Each structure stands twice: as C-alpha cells, then as structure tokens.
Amino acid sequence: MNLDPQYNPQGKEDEIYRQWEESGMFNPDHLPERNQQGEPYCIMMPPPNRTGTLHMGHAMGMAVQDLLIRFERMRGKKTLWVPGTDHAAIATQVKVEQILIKEGMKDPRKELGREKFLERVIDFAEKSRNTMVSQTRKMGSSCDWSRERYTFDAERNRAVYELFKMMYEDGLIERGYRIVNWDPQFQTTLSDDEVLTKDVRAKLLTFTYDKNFPIAISTTRLETKFGDTAVAVHPDDERYQKYIGKIFEPVFCGKKLSITIVGDAAVDPKFGTGALGVTPAHSMIDAEIAERHSLATVPVIGKDARMLPECGSEFAGLSIEETRSKVQNMLTEQGLLQAVEEIAQALPVAERGGAPVEQLPMEQWFVRVNKPFILRQDTLEKWKKGQQTTLKELMRYAVESGQTRIVPERFEKIYFHWIENLHDWCISRQIWFGHRIPMWYCHECESKAIGRSFVLASRIGGATSLVETNSGAWFNDASKEPRFGSSVFYSEKYPLRCPRCKHDDLGGQIPFVQDPDTLDTWFSAGAWTFSALGWPDEGGWRAHRIYHPTAVLETGYDIVFFWVARMILMTTYATGQIPFRTVYLHGMVRDDQGRKMSKSLDNIINPVDMIEKYGADATRLSLVIGSTPGNDVKLSEEKIAGFRNFTNKLWNISRYILLNVKSAESDAKNPKARTLADRWILSRLNTLTKDYTAALEAYQFSRAGEMLRDFTWSELADWYVEIAKVEGGKDALLLSILKNLLHLWHPFMPFVTEEIWKTVGEKGALMVDEWPKPEKKMMDAPSEKDFSILQSLVVAIRNARSGFSVPPKELLRLTVRSGKFDALLLENMEPFKRLARVVDGGFGGKPKGAITILAQGVEVYLDLGGMIDLGKEKARLEKEIASVSQHVASLESRLGNADFVARAPAEIVEGERKKLEESKARLAALEAQLNSLK
RNA sequence: GGGCGCAUAGCUCAGUUGGUUAGAGCGCUGUCCUCACACGACAGAGGUCCCUGGUUCGAGUCCAGGUGCGCCCACCA
74 MNLDPQYNPQ
84 GKEDEIYRQW
94 EESGMFNPDH
104 LPERNQQGEP
114 YCIMMPPPNR
124 TGTLHMGHAM
134 GMAVQDLLIR
144 FERMRGKKTL
154 WVPGTDHAAI
164 ATQVKVEQIL
174 IKEGMKDPRK
184 ELGREKFLER
194 VIDFAEKSRN
204 TMVSQTRKMG
214 SSCDWSRERY
224 TFDAERNRAV
234 YELFKMMYED
244 GLIERGYRIV
254 NWDPQFQTTL
264 SDDEVLTKDV
274 RAKLLTFTYD
284 KNFPIAISTT
294 RLETKFGDTA
304 VAVHPDDERY
314 QKYIGKIFEP
324 VFCGKKLSIT
334 IVGDAAVDPK
344 FGTGALGVTP
354 AHSMIDAEIA
364 ERHSLATVPV
374 IGKDARMLPE
384 CGSEFAGLSI
394 EETRSKVQNM
404 LTEQGLLQAV
414 EEIAQALPVA
424 ERGGAPVEQL
434 PMEQWFVRVN
444 KPFILRQDTL
454 EKWKKGQQTT
464 LKELMRYAVE
474 SGQTRIVPER
484 FEKIYFHWIE
494 NLHDWCISRQ
504 IWFGHRIPMW
514 YCHECESKAI
524 GRSFVLASRI
534 GGATSLVETN
544 SGAWFNDASK
554 EPRFGSSVFY
564 SEKYPLRCPR
574 CKHDDLGGQI
584 PFVQDPDTLD
594 TWFSAGAWTF
604 SALGWPDEGG
614 WRAHRIYHPT
624 AVLETGYDIV
634 FFWVARMILM
644 TTYATGQIPF
654 RTVYLHGMVR
664 DDQGRKMSKS
674 LDNIINPVDM
684 IEKYGADATR
694 LSLVIGSTPG
704 NDVKLSEEKI
714 AGFRNFTNKL
724 WNISRYILLN
734 VKSAESDAKN
744 PKARTLADRW
754 ILSRLNTLTK
764 DYTAALEAYQ
774 FSRAGEMLRD
784 FTWSELADWY
794 VEIAKVEGGK
804 DALLLSILKN
814 LLHLWHPFMP
824 FVTEEIWKTV
834 GEKGALMVDE
844 WPKPEKKMMD
854 APSEKDFSIL
864 QSLVVAIRNA
874 RSGFSVPPKE
884 LLRLTVRSGK
894 FDALLLENME
904 PFKRLARVVD
914 GGFGGKPKGA
924 ITILAQGVEV
934 YLDLGGMIDL
944 GKEKARLEKE
954 IASVSQHVAS
964 LESRLGNADF
974 VARAPAEIVE
984 GERKKLEESK
994 ARLAALEAQL
1004 NSLK
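Numbering-wise (this note's numbering), the first sequence opens with residue 74 and increments by one.
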C-alpha cells in the first residue's frame, strides 16, 4: 500500500492518463462486452479554435462533458466522445497576421502572397493543435483520440463541399448583389452575428441638399448623402404630401443628385423632420425602401472605407471622418445646416478587431433561410420527402417538437427570438484561410456571353466596367472584382470540363478559375456532428451512424446563435436528423469579481497552471460544483484550493480504510450491518446513490456534487469512520462503502479515484467498472431516525463541554433513564466514551451538579460536577425557552386558524399538530430544568 | 426600442411541483497538533430571502407594479 498522507496529483495524473489511453477504452469499439451491448451515447466536443491555447471556459466544457461520458460509460453505454479542433478561419488568420506584424512585417498578406501566407497559418494552426491536445489530456478528458477530427481536414472538406453542393442545387445557396457587412480593417465580409454594436455619441445633423431643395432631412452619416437617390416621407404627412412623386436635382457639395420624393409608411413622421434621405447603397433599411420604389443604387464608399470617385474629385479618396467634417463645413458655409444635435448611436463594429463596419453593396454567396425548397429527407415527422419547407422552419421545428431540449429552458425562447430576426446568411469571406468556395467560372462561357475573351467586370461602384487581363492572373488581384454570371458551376476539384459549354481544359492555359473566397468558419462548424462522424462518405457514415443523433451538445451560451442554431439548420437539412437530443449550456467563467478574464485586466486563471498546482480533479470540481447551467461562474484560486482540500480528504478517508483493512476479513462478500451505525450508513449510502444518480441524469451536476461531498465529509468521515474506529470489525463494510464512493466520485474526479482504486484490490480500471445500484432493502428510515437522535445527543454533549469549558481529558458521566431510546444510547454511546461515560440511572431523577440534555424527545443528564456554571446554564435555558415558546405560539396560531385546518391537506395539518406536541413537551422539559436550577 | 435574466448570511451560491424554526462552501469567533487528514477535528456566531401590493389556510417560491444590476437582439435616419 503506497498511500502518502497528502495526495500529490503531480506526476500521478499523467501516468494514470497514459494507462487509460493504453487500455484503449476511450474508444467505444474496445470497451468491455457490457458496453458493446449498451445504447450508443455520443458527445461531439465543441472544437476549440486553433488560435493558441485553451482557457477556463474550455476547461469547464471538458469537465462537464467528461463527467457525462464517464457516468454513462460506467452505466454500460457505448460511449463515444469525439475530440477535435476548429480551423476558425478568420480568427486564426487574424491571429497569425498579428504575430507576423509583431515580427516586423507591414502587410503580411501582400508581402507573402496567398500560398506562403497560408503556409504560415497552417503551421501555426498545427502548433496550436498540439498545445490544445496536450491540455485536453491534462484535464483527464476520456475522448477517443483515434477519432480526432479537424474542421479543415480532408474528410471535413469533403463534407463541406457536399453540403455546399446540395444547398446550391436546392437553390438555398445563391450568389447575390446585396448590402453586406464589410470589415475595412480585415477586408472581408462578416455575417450579422459577427457584427457587434458599440454605444457612441454622434451628431445628428439636419440640413437640405441645396438651397432650392424644399425638404430638410437629418442624418448621422453625412458622407453617405452623396449616394442619396430619394427622400422618403410618410404618405399621410400633410407637410410633404404635395411633393410625393416629384423629382429634384439638387447639387449637394458639388455633386448633382437625382432625388425622387417617395411616400413610404416605414418613415416615422415624428422623428426629426419626418423626412428620410434614402441611401440604398449603404443602408439595409434604405435598400428595402429603394426596392419598393424602384430607386437607383449609388455606392459612394469603397472597400477601403474611403470615398469613391463618384463623390467628385474634391472628396474621392477621403476617409469617412474627413468627408463628414468637410461636408459639414460646406453646408454651414452655404447656410444649409439647420441643426446639430448630439444623440446616442449604436455603431456597428467588427467582433474581431473592433473596426467600424461599413455596409456596402457587393456580390457574395448567401444561404437563403426563408426560401422554400423541396425536402430530400423522409425522416422528419412534420414534412414528407418532396414537400416544401424552409431552413428557418427546420430550425424552429427541431426545438419546437421537443426533439432537441435546451438546458436551461429559457434559452429556447432566446433561440426562437433569434430565428424571428434571422436574415439570409452571407457565407463568403475574403480571407484566405478556410474552405475555398467550390464554385468555378468558365472563361469560355463568359467570353461567349460578352463577346470578348478573358474579360472581367467590376461591379463595385455600381456601373459595370470591363477589364481585360492575362489569363489566371487577375483572381489574385484584390482590386479587381470578378463578376460571374452564367459561367458559374460547382466542382469539388479542378474541373476538366465546363458543364455548360463543354469546353475542355486542354491548352495548358487556365480556362477555369475558382472563386477566390472562402467559407465562413461556421459553415463547416455547422456540419460538425455529422461530418465528424464520416458523412457523406458511405462507409464512414454507415459505421458511425449509430451515434447520430448525438446525445448532448455541451457548450457555452455565447455561441448558441453562431453555432448551435446553425448545427440544427445544417444537420436537419442534410441528414434529416436533429443533431442532438439535449443542448446543455454552461455560463462564462469570470474572475472573482465577475469580470471577464482578459489579458489587459491581467486576471486570467490558466487551467494548466491550476492543474499543476492543485491537480486536475480539484480544477474540475471548482468548475462544476457551484455553477448552474446558463449562469456565469466566478472562479478564484481560493475556490480551487478548497476543492484540493477535498480531494485530499477523500484520499485520507481511503488511506485510513485501506491501511486498516485486514485482507482476510475484507474478502467477505455482502458485509452485514451489525450496529445502528452500520444500518444508518448503508441506508444513507443507498439513498444517496439513488438521489445522486437522478441528479446527474437531470444535469444537476452542482447539486449532485454537493450531495456527494456532504455525504463523504459530514457523514462518512465525520461520523461513520470515527465510530468504526471504536466499534471495530467493519473492514469489509468500510471497504465496500469506499468502493461505492469511488465509483460515484469518478465522473467528477477521475484521477484520484482511479489512483485509489488501484489499491482496493479489484481487477480492471475503475473507469469501466459498473455503476452502483441503489438497493431499496438497505434504505432504513427507522435506523436513520435513531441515528439522528444519537447525533443530536452527541452534539449536545459536545456543545455542553465546549460551553462549560470542560477540559478535553476530563471524563464526564452521562445518566440515562430506562426507556427505548435510552437503551439505544447505552448500546451505541461506546464510540463517544471520551465525551461521557454512560450509566443507567434507572428511573431516578437528575443527579446533583448535572444538566439536562434534550434531543428529539430524549432526556439525559450530563454530570458536570464542580464545573457547572449555573448562571450560564440558566441563560442558555432562558434563550432556548424563548425561541421554543415563539415556535409554539406560531404553531398554535396556525392550528387555531379554522381555514388552515379545513383547507390544508390532512397530512400537513397532522404534521403541524405533531410538531406542536413535540415543541410543547420540549418547552415543558426546558421549564422544568430551569426551575430545578432555582 | 424589443427580449431574457439576476437580487437569499460578510463573500460565492443552492433552495425542484407553494407546506419543519431558510441551507452549503469560503470567511469569521472559540477550543484542540486525539494514533487517515492542520489541505485537519469539534463547537459557535451570522439572514427584514431588494421594495410595495395581490392570490392563498400558508409565499424565499406564484401574479402585478417598482428599484438596482447584468446579458442578448435591434441600422429612428
């Protein structure tokens, strides 16, 4: 037996993990027979971004997922936990760019070019992967490394392309010229979810375009006004009705505009002047108005967030701020500015980088969420194959039908609310790191359509301009925007033949060009549950299909929209299955003051540091106990240290038991309960096993953990082990309880339990040993009641000793009377003989110099001899009498209420009566005690 | 502007469908280095369950309103 007085996880954990891994049992195919017969149970690990290292949020997710997997594995399910990482497209590319800039490059992408730059990104991603895998191991995660996946590996790329193809064929992926969110800093589009709003103060200016223009308008974005093509007013607005339908041609800061006055109910007549300058190119709302009234779209801001030549030579190339103040000055000079007001504004900024996001009209790829399509799948209850539905409907259906349940439930509301507001999803990104869009353009088709060879068109800036280039050269030139009409077709690899013009790639030139853009990282992430299980590859998907739908998706609530919703969309569409039965959302891990952990605040707690200092088990406990789903958790090093203390406690309980067990006796099967304490602890253990298992099934991990900790510490260690030391002969019983306890703790703290397990003399790993079953026949309410009386008395005696400052070595005499409980006491007080020696007082009264101790109706006398302090005892009794009298009074008033007696359930009333009786008896006894002191 | 949540001991939080004198951990006070553990043992102090009103025999729990805090969504220009 090699159990040190203090448990040192350092060094042991890696070795234990290595043994688990070598056993092969992280892989469901190598699990014992009992699991092979079991129900499949699968969790897909949310793949962390390959951007460096794991943080406490990841650690929390892993702790919960490993808990679930270990719990279900021990219960005999065929458990698969698939680990993986996410290429995270923009996040990783930005990270690498930042590193390269720090290393001295000015514009890494320009300096390195696409291929060289990508090499650097891939290299960084690989290093990150290695770091994260090792951190995942440190946490004790029992995931199947033989099935490790990467959102950007060859098979996932294949799945992404297949999915893209399906959606393209179903008309759900479309190229469109629309207003998109443009990040001028990283020169890429963003999805709506990647745009945040920042509260800023802005100037709301009221002005007219020129002195002949009859209507004043207000704006915070003066610079966009070069692109105005209309002024919209409410159709019922009497002030402006007479202008509706008229066209004006004001000269705005040197640029001649063509402004149509339109009536549109979307305009709020009470805001500002009640007239709205319509800028269709740079505002989604304006674009909608423009569409209703067939207005022209005139872009005036370019991708570099500078003014386009259309604004006139005076403004072309100026930044937004420069333009804004210049225009304001010009308007002031001309006397056109009527008012300047400071207002609060929600400025759209990029989630990554924080630069203001511009809205520009561009040609991009979109997923159409509201467009009806013909369903390919025949597995959904609501729609048959061949019926029409929309992606939005599928998303709603998965949760509405209860096939996916979100924990905590309130996030279902949030989810539906988000779906309501969901617009088409822009999926093309102008970054280099990611799944290249599998669409190709045929120059032959394009040439035939336009009548010239190798031509391109730029649509940024509204008018189409044609550009001649050398073959193949243009698509790396970011300044040229290819326009693709009928020439576009899907191909996973380099196409050999154009499906339309049947043109072959023969002459060594490059007639086919792939779309230079890549896919939004969430496109591939959305396919995670099924792509990671081998879809669409026939063999792979067939082999893994038993695991789909997966059991639980465990992730942070911050990516419900980014990821969870999109997984539901993609999976239901592509496979006809909902991706997971339960979504368990954990909160954000914050510092002890509730602040986000960040580098600038220097308040980051690193999981690996904590594991090295306190062990993985303590770190896991600190993340799971004391946190509830969907709520943020405050973490501090002290909290982790506290759980380290507990792991040490469990270690020492085990140490005591294992050091004292005599092997011969411990071999006895079905150890029998001999004493009250034995019956009590077995009853408690079995009740606990039942409640604890139920709590885990209900995802109440914190509650389960607290329950088990309280049992382990306050019942087993503080009472039973102490009693066992004196009563003796409990080796087999103790060992059996310990074994059960190790099982129950294993999902929370796999390392220390497995380590102790090595010493209990069982074969095989605890990790796959069978989960304890609660036995009803062991649950023994009368014994629990009797034991609790004993506990109350012992506590009362200790209390008295402490209150009267009785020296620890002083032996006291405890006189019991004849009666059922007193007989029980005589039998069971032996373990507490150091507190008091019990004597049978027959039916005699209280000895002189003794105080009366009352516990749950049992009255005994503790002889304090000369140490009694009558004043103190009197004060104590008076205090207690006051409190009990109050309780009696409240019970009497309740029972005196006729309505209560008539309307409350009989058992409640009966319970109150009984309580009143007991309290009255106690009160009488206390008063008698007090009188006897006088 | 719309939506969601939170408010319980000094701190961090539990408190299931309304029903004991509202609980835990940490911290605090006192005693003890008792042969598993001082990362420990024993005992103790500490609460107007944010406020107001309502429903009910009964409210920390349900309803309405208010206050304070947090989050999400949203291009009234």
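Heads up, the beta-carbon is just placed ideally off N, CA and C, and yes, glycines get one too. Quick caveat: nothing in here was measured; it's all calculated off a predicted structure.
- In the three-state DSSP reduction, residue 499 falls in the strand class (E or B).
- According to the DSSP assignment, residue 154 belongs to the beta strand (DSSP E) that extends over 151-155.
- Between the alpha carbons of residue 222 and residue 603 lies a gap of roughly 12 Å.
- Pairwise C-beta distances place the region 212-219 in contact with the region 86-95, as three or more of them are shorter than 8 Å.
- Apart from the 5 residues on each side of it in sequence, residue 617 sits with its Cβ closer than 6 Å to the Cβ of 606, 607 in its chain, given in chain order.
- Contact between residue 154 and residue 138 is confirmed by a C-beta separation of about 6 Å, below the 8 Å threshold.
- Counted as a single uninterrupted DSSP element, the alpha helix (DSSP H) harbouring residue 604 occupies residues 601-604.
- By the criterion of at least three beta-carbon pairs nearer than 8 Å, the region 460-471 is not in contact with the region 378-386.
- Shortest Cα-Cα distance from residue 366 to any of 372, 373, 376, 351 involves 351.
- By alpha-carbon distance to residue 708, the top candidate from 913, 662, 747, 750 is 662.
- Within the same chain, no residue comes within 6 Å of residue 314 by CB-CB distance, once the 5 residues on both sides are set aside.
- Beta-bridge partners assigned by DSSP to residue 563: 512.
- Relative to the Cα of residue 629, the nearest Cα in the group 636, 610, 658 belongs to 658.
- Judged by DSSP in its simplified three-state form, residue 699 adopts coil rather than helix or strand.
- Here residue 392 carries a strand assignment [DSSP, helix/strand/coil].
- Counting other Cβ atoms within 10 Å of its Cβ, residue 250 stays below 16 and is therefore classed as exposed.
- The Cβ atoms of residue 104 and residue 841 lie closer than 8 Å to each other.
- Of the other Cβ atoms in all chains shown, fewer than 16 fall within 10 Å of the Cβ of residue 107; this residue is therefore exposed.
- Taking C-alpha positions only, residue 449 is separated from residue 458 by approximately 5 Å.
- The shortest CA-to-CA distance from residue 506 to any of 913, 169, 856 is the one to 169.
- For residue 129, the three-state secondary structure derived from DSSP is helix.
- The way I'd put it, the region 767-785 does touch the region 693-713; three or more beta-carbon pairs between them come closer than 8 Å.
- For residue 720 against residue 675, the beta-carbon gap comes to about 28 Å, at or over 8 Å, which does not count as contact.
- In this structure residue 348 touches residue 306 by the C-beta definition: roughly 5 Å separates them, less than 8 Å.
- Residue 254 has 263, 432 as its beta-bridge partners, per DSSP.
- Residue 223 has 158 as its beta-bridge partners, per DSSP.
- In this structure, DSSP gives residue 843 a state outside helix and strand, which the three-state scheme calls coil.
- Rounded to the nearest whole angstrom, the CA to CA distance from residue 318 to residue 334 is 5 Å.
- Along the region 729-781, the alpha helix (DSSP H) occurs as fully enclosed runs of 4 or more residues at 736-739, 749-770, listed in sequence order.
- Beta-bridge pairing by DSSP links residue 334 to 304.
- Setting aside the 5 residues that flank it on each side, residue 140 is surrounded in the same chain by 697, 774, 820, 821, each with a C-beta closer than 7 Å to its C-beta; the list follows chain order.
- In this structure residue 234 does not touch residue 589 by the C-beta definition: roughly 16 Å separates them, more than the 8 Å allowed.
- With a cutoff of 8 Å on beta-carbon distance, residue 303 and residue 263 are scored as not near each other.
- The straight-line gap separating the alpha-carbon atoms of residue 483 and residue 491 is approximately 13 Å.
- Assignment of residue 350 by DSSP, reduced to helix, strand and coil, places it in the strand class.
- Between residue 685 and residue 208, the CB-CB gap reaches or exceeds 8 Å.
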